[in-house]
Every structure is written in structure tokens, then in C-alpha cells.
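Single-structure report; data block below.
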Amino acid sequence: MLEDGRHFVGEAFGVRGETFGEVVFATGMTGYQETLTDPSYHRQIVVMTAPHIGNTGVNDDDNESERIHVAGFVVRDPSRIASSWRARRTLDDELADAGVVGVSGIDTRALTRHLRERGAMRCGIGPATEDPGELLQRVRMSPSMVGADLAPQVSTRAPYVVRAATDVPYFRVAALDLGMKRATPNALSALGCEVHVLPARSGADELLELTPDGVFLSNGPGDPAAADYAVQAVRRVLDAGVPVFGICFGNQVLARALGFETYKLTYGHRGVNQPVAETATGRIMVTSHNHGFAVQAPLDGVTQTPYGRVEVSHVALNDNVVEGLACLDVPAFSVQFHPEAAPGPHDAHGLFERFRDLMAARR
């Protein structure tokens, strides 16, 4: 049941029950396990546009967090069997064990076209025997994503360390966990970084007392305008001259720290096939995305901010949304997409090396 009254009738998938959230669509043909366990999807009902989901089942290695975070899951045609040597469970069983309410057998193409025209909106999944009017009323009473401060709900509760994969650590990174995926600190670890992961509400004192070579700002859910605690922490890190690298939600937090505004996209970017252009070189990357908010900044030229000159470094080719920022006078940059690419193409993985080189240059 959508907020505007349109509804679809299908079959239960996962747990039978009722759930509410913002309904969004993801365009990846694979990677559903990583999508389900991505903390950025917290309080969202995810519609998969690929018609056949669950083919490879669920394994014990590809989760991006400790649990499934989606509020609900919508697919057209769930696979009846799991066909992969890595599979340990079926997708349906995994959703049921996690208590995730889903629906299958609906026209996901029609639903996606509706969301593209009307925008992401509140949604509910419930028993078809229930009065549709009552379900619609509860959908409209459910909270909006605008103004939602969700990062602390999915962040780590206590600091932890991901050791460097090299014989000795070359760099120490303080990572602000706003809803971070496992692949991200692992990518930094592979480059010789010892990653100290801190809860979302950690202040600048906690970040800087680690004497880090750099500060990383992770992806995460919710409205960046509600994460003023993170913005204030980043401003003090910038004042200290410590290199900063942000991705996804972290890009929006850095942008707000620099003085830019953020806004909600009509239906967002979610999938593993989003083309992005690097403005300085014209290089095009196919990238992994998951965001419903974006940065408001001039696409051309340089903008003066309280931290010096800043320019837009990347632009989405589908709709000209800002996809990255580069600071010219302080050691900081960010991108709106996911260079760790779990799931997704590895075109942007070199951005971690750029962060490593930035830290090395500031020593």
C-alpha cells in the first residue's frame, strides 16, 4: 500500500506480517544479499527491479553487516531453489529467520514506473484480508524520511579496530561509522591502514585523540540535515588539518560542514550500474549507489567556502546530480557513490588509494 493510495496484491515472501517504511527501488541484477544487509537501507522497503531474485541463495560470507536492515522486501519472481556452491540457505528462509516482511508476485515494473513518476514515498506491507483503508491510514501515520536521524540506530555501539592487512600498519584511520558496510574498512585495511571505527555520535575529540593520519566518513541512512553532530565533528577535524574522505552519507556530511545544503531526490539512486563522470578528466565510471539525498552545489567553477575553495569533482550522467566534492585548500574530498562496491563494479576503487596518498602527503 503506497502513501498515495495505489496498492498491489501479491504473495507473502519471508515473514507474514505488517511493516512500514519508505519504498525505493534498486536496479541491480545481482547483489541482493549485500543490499539487504546494507545499513543505508534502514527503514526502507526495497523493490528489486530485476525480475528473478534469490537464484544464488544466501551464503555466510557476503553480508555487509551483522543483520538485515531493510524494513521490507519486494520482488517479482523469487527463485524456488538456491543454485550456488556457496549457498547455505534460501533467500526466503533468510528473510523469515530475520523477521523481514516481504511480498512477491507483484508487477515490480509498474511499481517502479510509478515511483519514478511520483517519487519515493511511505509504504506499508500487510495482509490482503485487511481493510485497505485502514492500512493506508497507518501508512500515512508512519514517519517520513525527511528529518530522520537514523545513523545512530545502525552505527556500532562501541569502538573497534580493523587491523591492517599488511605486516605493519602504514596509516591510522579514524572512521566515523554512520552506517558503514564491512567492505569499506576491509578496503582500507588492504592498503595498510589500521582502521579505528567509532560510533556515529563520536565527537571531534574522540576522533582526534587517536592522532589519525586521516578521518573517514562512511555511508549511512537518513537525512543528513538531521546529523548536525557529525557536521560539527567534521568541521573541527577540518580545522585541525587532518585529511578527510567521505562516501555517500559521508559526502553529504562533509558538504554540510563546508557550508553546502542537501536536499531529497525524487526517487534517489540505488543500484550497481550508475554512470558518473569525473569533471577534471572526463573519465566515466560505472558505480554502485544507494542514496535518497544529494548535495546542492554549483556544477561549474569553484565555490568559496569557510574552508577555502571547493569544486564538484563528479557528476551523475543520468540527471546531473552532484556526485563528489574536492577541497582545493584543505585535505578533504568525498564522493556520493560507493567505491568499496559491495556489490558493484570496481571502477572507483582507486579512490581509496587517493585517500592513502593524501594521508602520505600530509605526514
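Numbered according to UniProt numbering, the sequence shown terminates at residue 363, and the numbering increases by one at each position without gaps.
Each residue gets a CB set at the ideal place from its N, CA and C atoms; glycine is no exception.
Would you identify the three-state DSSP class for V330, choosing helix, strand or coil?
Looking at V330 - three-state DSSP - the assignment turns out to be coil, as it is neither helix nor strand.
Which of the three DSSP states is assigned to V100 in this structure?
Reduced to three states, the DSSP call for V100 is coil.
Just to confirm my understanding: we take P243, look at its own chain, exclude 5 residues before and 5 after, and list those with CB closer than 6 Å. What are they?
Here the set comprises G214, P331, L358, M359, R362.
May I ask you to list the residues that DSSP assigns as paired with K264?
DSSP, once it has assigned bridges, lists F293 as partnering K264.
Within the 8 Å Cβ cut-off, does F216 reach chain B?
Of the protein chains in this structure there is only one, and it is not chain B.
From the DSSP secondary-structure annotation, give me the bridge partner or partners of V272.
DSSP, once it has assigned bridges, lists no residue as partnering V272.
Could I get the ranges of all uninterrupted alpha helix (DSSP H) runs contained in the region 190-234, with 4 residues as the minimum, in chain order?
List check, alpha helix (DSSP H) in window: 204-208.
Is it right to say A280 is buried, meaning 16 or more other beta carbons lie within 10 angstroms of its own, or is it exposed?
With fewer than 16 other Cβ atoms within 10 Å, it is exposed.
Roughly how many angstroms lie between the CA atoms of R172 and T211, to the nearest whole one?
In a straight line, the C-alpha of R172 is about 8 Å away from that of T211.
Looking at the secondary structure, which residues open and close the alpha helix (DSSP H) in which T108 lies?
Where T108 is concerned, the enclosing alpha helix (DSSP H) stretches over 108-118.
What residues in its chain sit with their C-beta under 7 Å from that of G203, if we drop five residues either side in the sequence?
Answer for G203: A233, listed in chain order.
CB G220 to CB G271, shorter than 8 Å?
Taking 8 Å as the Cβ cut-off, G220 and G271 do not qualify as a contacting pair.
Evaluate contact between the region 27-43 and the region 113-125, counting only Cβ atoms and requiring at least three cross-stretch pairs below 8 Å.
Output reads no: the region 113-125 does not touch the region 27-43.
If you compare alpha carbons, which of G222, R109, H7, S218 is closest to V70?
For the residues G222, R109, H7, S218, the minimum Cα distance to V70 belongs to G222.
Assuming L95 and F13 form a contact by the criterion Cβ under 8 Å, report the distance between their Cβ atoms to the nearest whole angstrom.
Contact holds; Cβ gap of about 7 Å.
Would the beta-carbon of G10 fall within 8 Å of that of I81?
Cβ distance not < 8 Å, so G10 and I81 don't count as in contact.
Ordered along the chain, which non-local residues of its own chain (more than five positions away) have a Cβ less than 7 Å from that of H52?
So the qualifying residues of the chain are D77, S79.
Looking at V310 and L299, is the spacing between their C-beta atoms short of 8 Å?
Not in contact: L299 and V310 (Cβ atoms no closer than 8 Å).
On the DSSP bridge list, what partners appear for T19?
T19 is bridged to I125.
Just curious, the beta strand (DSSP E) that V161 is in, first and last residue?
Counting along the chain, the beta strand (DSSP E) containing V161 begins and ends at 160-162.
At which residues does the beta strand (DSSP E) containing R362 begin and terminate?
Here R362 belongs to no beta strand (DSSP E), and DSSP marks it neither H nor E.
In angstroms with no decimal places, state the Cα-to-Cα distance between H314 and M1.
Approximately 36 Å, taken between the alpha carbons.
Name, in chain order, the residues that DSSP records as bridge partners for P78.
According to DSSP, which records beta bridges pairwise, P78 is partnered with I53.
Do you know whose CA, among A174, L135, V15, D167, lies nearest S104's CA?
It is V15.
Given this structure, state the Cα-to-Cα distance separating A348 from Q304, to the nearest angstrom.
Roughly 27 Å between the two C-alpha positions.
Going by C-alpha to C-alpha distance, which of G57, G308, M141 sits closest to R86?
That would be G57, whose Cα lies nearest to the Cα of R86.
Can you tell me which of the three DSSP states Q44 falls into?
Three-state result, Q44: strand.
Are there 16 or more other CB atoms within 10 angstroms of the CB of A151, so buried, or fewer, so exposed?
Flag for A151 reads buried.
Terminal residues of the continuous alpha helix (DSSP H) containing R138?
Residues 132-141.
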